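Read the structure below first, then the notes.
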Amino acid sequence: WSLVDAMFDGGPVHIKAAAASLADQADGFVQILGAKPAFEDAPVMTQAVVKTAFEARVTGSLRMFIPKVIQKNTKPGELTQVAELRRLTIVFMCIKNVKLTNAASLERAHQVVRTIQTAFYRYGGVINKILLDDKGFIILAGFGLPPFAHEDDPERAVLAALESQEQLALIQVVSAIGITTGTAFCGIVGSKERREYTVIGDAVNTAARLMTFTPDAIAMDRATVSSCYATGRRVQFERIGRKKFKGKAN
């Protein structure tokens with residue numbers, strides 16, 4: 011009752027239980043007789059106050075759950091249109107030997123995600139999704155998403171993939187990675203009740219299929235390799251041949 015007595019007339023109600031075993035269940039009820047009149051001198055929250063309160067929430071505990079692009083384009087009470095076609099480098103990663111079966115495996119999964127985050131964030135990548143399906147423990151990341159976009163994003167993606175694989179190997183975790191570069195939709199999908207920032211496109215689908223090319227290596231498309239050669243030579247590549255994927259003409 012202490013939580014609502016400032017807004018309603020009424021009070022706690024004590025019910026005599028028919029049996030001793032019901033005594034605890036009969037306690038804690040309240041009776042609402044009506045709403046109290048609104049306070050005439052209640053302060054009115056101005057737009058500046060609302061904005062300050064909103065920004066305080068975003069910069070607080072919620073910040074870690076909100077993509078940077080959403081934070082950048084969000085205003086109090088509204089969400090500006092965040093949708094565009096961009097040239098991105100997509101990274102699909104499959105973790106082979108981590109299963110979520112008990113509390114111990116959950117902690118190991120957290121360790122894996124933190125390891126990948128450290129490598130990807132170092133090079134300006136954004137982790138978009140973490141999934142668990144029949145292929146295994148899947149992570150989808152993008153390089154070139156706003157506000158992190160660089161001329162050498164394809165090379166950054168490859169370097170991040172290499173570093174994450176090296177660090178995962180130190181904790182005996184095997185991973186397979188697919189990388190593609192191309193135009194993809196990045197923006198908000200969903201209704202007013204539930205929305206999500208995502209990436210969609212052929213480059214995303216192809217990266218997922220390249221991820222299955224080898225069980226423990228990094229496979230990428232020609233566009234990613236060409237872009238890496240154009241912006242730098244920090245990475246060496248080895249041709250592994252061509253493979254036809256279901257639903258792909260080339």
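In my numbering, each residue's number is its place in the sequence shown (first place is 1) plus 10. Here a beta-carbon is modelled for each residue, glycine too, at the ideal position from N, C-alpha and C. Treat the numbers as computed from the prediction; the structure is a model and nothing was measured.
Below 7 angstroms CB to CB, which residues in the same chain sit around VAL214 once its five sequence neighbours on both sides are set aside?
Here residue 214 refers to the residue found at position 204 of the sequence shown. Hits under 7 angstroms: ILE100, ALA194.
Using CA coordinates, which residue listed in PHE39, SER12, ALA16 is at the minimum distance from VAL23?
Reading the sequence shown from its first residue, position 13 is the one you call residue 23. Nearest C-alpha to VAL23: PHE39.
How long is the line joining the alpha carbons of LEU178 and ALA119, rounded to whole angstroms?
As a working note, residue 178 is residue 168 in the sequence shown. As a working note, residue 119 is residue 109 in the sequence shown. Each residue's Cα considered, the two are about 11 angstroms apart.
If we count the other Cβ atoms within 10 Å of its Cβ and call it buried at 16 or more, is SER236 buried or exposed?
Position 226 of the sequence shown, counting from 1, holds the residue named residue 236. Classification for SER236: exposed.
Are the segment 125 to 138 and the segment 147 to 163 touching, with three or more C-beta to C-beta distances below 8 angstroms?
yes
Assuming GLU176 is part of the alpha helix (DSSP H), what are its boundary residues?
One-based indexing of the sequence shown puts residue 176 at position 166. Taken as a continuous stretch (DSSP letters only), the alpha helix (DSSP H) holding GLU176 covers 163 to 180.
Assuming ASP212 is part of the alpha helix (DSSP H), what are its boundary residues?
Within the sequence shown, numbered from 1, the residue matching residue 212 stands at position 202. 212 to 220 is the span of the alpha helix (DSSP H), which, as asked, contains ASP212.
So what does DSSP say about LEU116, is it helix, strand or coil?
The count along the sequence shown starts at 1 and reaches residue 116 at position 106. LEU116: helix per DSSP, three-state reduction.
Going by Cα to Cα distance, which pick from GLY188, LEU180, PRO157 is closest to LEU169?
Translated into the one-based positions of the sequence shown, residue 169 becomes position 159. Comparing Cα positions, the closest option is GLY188.
Tell me, to the nearest whole angstrom, how far the beta carbon of LEU43 is from that of ASP15; I am working on the premise that it is less than 8 angstroms.
Taking the sequence shown and counting its residues from 1, the one referred to as residue 43 is at position 33. Taking the sequence shown and counting its residues from 1, the one referred to as residue 15 is at position 5. The pair is not a contact, with the Cβ atoms about 11 angstroms apart (cut-off 8 angstroms).
How close, in whole Å, do the beta carbons of PHE158 and LEU98 come, if the pair is a contact with beta carbons under 8 angstroms?
One-based indexing of the sequence shown puts residue 158 at position 148. One-based indexing of the sequence shown puts residue 98 at position 88. Actually they do not touch by this definition, with Cβ atoms about 11 angstroms apart.
In the DSSP assignment, find the beta strand (DSSP E) that holds ARG96 and state where it starts and stops.
Here the question's residue 96 lines up with position 86 in the sequence shown. Unbroken beta strand (DSSP E) run through ARG96: 93 to 105.
Identified DSSP bridge partners for ILE207:
Locating residue 207 in the sequence shown gives position 197, counting from the first residue. For the record, residue 207 in the displayed sequence is Tyr; it is not Ile. Looking at the DSSP assignment, TYR207 forms a beta bridge with ILE198.
Would you check whether the ligand MG has a heavy atom nearer than 8 angstroms to the C-beta of ASP144?
The ligand MG is not among the ligands present in this structure, which contains no ligands whatsoever.
According to DSSP, LEU142 sits in a beta bridge with which residue or residues?
Against the sequence shown, residue 142 aligns to sequence position 132. BP columns for LEU142 point to PHE147.
Can you name the start and end residues of the beta strand (DSSP E) that ALA45 belongs to?
Here residue 45 corresponds to residue number 35 of the sequence shown, with the count starting at 1. Unbroken beta strand (DSSP E) run through ALA45: 39 to 45.
Which residues does DSSP list as the beta-bridge partners of MET74?
The residue you call residue 74 lines up with position 64 of the sequence shown. Partner(s): none; MET74 has no beta bridge.
Starting from VAL235 and walking both ways along the alpha helix (DSSP H), at which residues does that stretch end?
Taking the sequence shown and counting its residues from 1, one reaches residue 235 at position 225. Here the alpha helix (DSSP H) through VAL235 covers 232 to 241.
Figure out for me which residue from ALA227, THR191, LEU155 has the closest Cα to the Cα of ILE105.
For the purposes of this step, residue 105 is identified with residue 95 of the sequence shown, where counting begins at 1. For ILE105, the nearest C-alpha among the options comes from ALA227.
Mark ALA33 as exposed unless 16 or more other C-beta atoms lie within 10 angstroms of its C-beta, in which case mark it buried.
Reading the sequence shown from its first residue, position 23 is the one you call residue 33. For ALA33, the predicted model reports a pLDDT of 49, less than 50, meaning its position is unreliable and no value from the coordinates is stated.
Hey, could you find the ends of the beta strand (DSSP E) ILE20 is sitting in?
The residue given as residue 20 occupies position 10 in the sequence shown. Correcting the residue identity first, residue 20 is Gly in this sequence and not Ile. Unbroken beta strand (DSSP E) run through GLY20: 18 to 23.
Cross-strand partners of VAL183 (DSSP beta bridge):
Your numbering for residue 183 matches position 173 in the sequence shown. Its beta-bridge partners do not exist; DSSP assigns none.
In whole angstroms, give me the CA-to-CA distance for VAL265 and ALA114.
Outside the modelled stretch of the chain, which goes from 11 to 260, sits residue 265, for which no answer is possible.
Rounded straight-line distance, which links the Cα of THR190 to that of LEU95
Taking the sequence shown and counting its residues from 1, one reaches residue 95 at position 85. Taking the sequence shown and counting its residues from 1, one reaches residue 190 at position 180. LEU95 and THR190: Cα-Cα distance of roughly 15 angstroms.
Strand pairing of GLY134, partner residues [DSSP]
Here residue 134 is taken as the residue at index 124 of the sequence shown, counted from 1. None, per the DSSP bridge assignment.
Assign TYR239 to one of two classes, buried (16 or more other C-beta atoms within 10 Å of its C-beta) or exposed (fewer than that).
By 1-based counting over the sequence shown, the position of residue 239 is 229. Exposed, since its Cβ has fewer than 16 Cβ neighbours within 10 Å.
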